[in-house]
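Residue numbers (this note's numbering): 224 to 359.
Glycine included, every Cβ here is placed at the ideal spot set by N, Cα and C.
So the structure is just underneath, and the comments pick up after that.
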């Protein structure tokens with residue numbers, strides 16, 4: 224049995240899922256269409272939780288106030304800011320977090336996520352989902 228470091232457990236599976244999905248996803252979210260982040264890691268009560276995204280910027284973290292609130296200790300109080308770009312992509316900005324912000328398997332200070340990408344805040348991984356209107 225191969226041993227996987229605690230901080231990378233599940234990443235290999237997420238990458239395999241990402242690769243299988245990328246061939247069938249729309250790389251750009253059409254402006255005005257619904258979008259969400261769905262938690263895909265770690266296992267626990269928040270696995271599968273859907274966070275609907277509006278048009279304005281949202282802060283992800285453990286701190287109080289509006290935004291996406293996560294209880295995982297690997298997430299900083301104000302971990303990252305996410306917002307939509309005119310292209311429909313998701314802009315992801317790390318806010319000086321202790322454990323980093325990642326798009327797919329790349330750590331970013333500022334980055335862009337397309338529909339189908341994985342976004343990770345500390346040890347919590349999410350999949351960016353966006354609807355494509357019928358007829359597109």
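Candidates 302, 353, 296 and 276: closest to residue 323 by CA position:
For this step, residue 323 is matched to residue 100 along the chain shown. With distances taken between Cα atoms, residue 323 lies closest to 302.
So, for residue 352: in the same chain, excluding its five sequence neighbours on each side, which residues have a beta-carbon less than 7 angstroms away from its beta-carbon?
If you number the chain shown from 1, residue 352 lands on position 129. Within the same chain, residue 352 has close Cβ partners 258, 259, 261 and 338.
Between the segment 341-350 and the segment 295-310, do three or more beta carbon pairs fall short of 8 angstroms?
yes
Does DSSP classify residue 302 as helix, strand or coil?
On the chain shown, position 79 is the one that residue 302 refers to. Looking at residue 302 - three-state DSSP - the assignment turns out to be coil, as it is neither helix nor strand.
With 16 other Cβ atoms within 10 Å as the buried cut-off, status of residue 291
Numbered from 1 along the chain shown, position 68 holds the residue referred to as residue 291. By the 10 Å Cβ count, residue 291 comes out buried.
Suppose contacts are defined by Cβ-Cβ distances below 8 angstroms. Is residue 314 in contact with residue 326 by that definition?
Within the chain shown, residue 314 is the residue found at index 91, counting from 1. Within the chain shown, residue 326 is the residue found at index 103, counting from 1. No, Cβ-Cβ distance for residue 314 and residue 326 is not below 8 angstroms.
Use the C-beta contact count for residue 340: other C-beta atoms within 10 angstroms, 16 or more gives buried, fewer gives exposed.
Looking up residue 340 in the chain shown gives position 117. The residue is buried, with at least 16 neighbouring Cβ atoms inside 10 Å.
Whose C-alpha, out of 265, 272, 311 and 316, is nearest the C-alpha of residue 283?
Within the chain shown, numbered from 1, the residue matching residue 283 stands at position 60. Ranking the options by Cα distance to residue 283, first place goes to 316.
Determine, using beta carbons only, whether residue 280 and residue 304 come nearer to each other than 8 angstroms.
Locating residue 280 in the chain shown gives position 57, where the first residue counts as 1. Locating residue 304 in the chain shown gives position 81, where the first residue counts as 1. Yes.
Boundaries (first-last residue) of the beta strand (DSSP E) holding residue 338
The count along the chain shown starts at 1 and reaches residue 338 at position 115. No beta strand (DSSP E) holds residue 338; DSSP gives it neither H nor E.
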